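Data block below; observations after.
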Amino acid sequence: MGAMSPTHWLIVIGVLVLLFGAKKLPDLARSVGQSTRVLRGEMRGLREDEETPGTPTAAPTAVEPPAVPAPAATRTDAT
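In terms of the numbering used here, the sequence shown has 219 at position 26, counting the first letter as 1, and numbering is strictly consecutive.
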């Protein structure tokens with residue numbers, strides 16, 4: 194079980210054409226390409242942000258958990 198052979202690729206392409214239709218496939222490919230470009234740009238921006246020296250990072254601050262009120266006392270008198 195290794196890489197897909199050319200026969201497998203032909204079957205996959207045939208199934209995609211049947212599922213989406215020949216008219217929708219170029220639009221689908223275009224939108225996937227645009228999404229890939231946006232993702233690459235964001236990743237490049239993150240790498241550049243990490244590589245810029247001298248950028249002060251905010252010191253972590255301690256966060257106090259919210260105070261939980263004590264549970265109400267229950268009455269146990271038998272009247």
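Every residue gets a Cβ at the ideal spot worked out from N, C-alpha and C, and that includes glycine.
Since the model is a prediction, treat every value here as computed from it, not as a measurement.
Beta-carbon separation (whole angstroms), residue i vs residue j, contact threshold 8 Å
| i | j | result |
| --- | --- | --- |
| L203 | F213 | That pair is no contact at about 16 Å. |
| L218 | V210 | 7 Å |
Own chain, CB closer than 8 Å to residue i, minus 5 neighbours either side, in chain order
| i | result |
| --- | --- |
| M197 | V205 |
Contacting residues, own chain, Cβ-Cβ under 7 Å from residue i (five flanking each side not counted)
| i | result |
| --- | --- |
| E243 | none |
| V231 | none |
Fully enclosed by the segment 212-269, which alpha helix (DSSP H) runs are 4 residues long or longer? For the segment 212-269, whole alpha helix (DSSP H) runs of length 4 or above, ordered along the chain, are 217-244.
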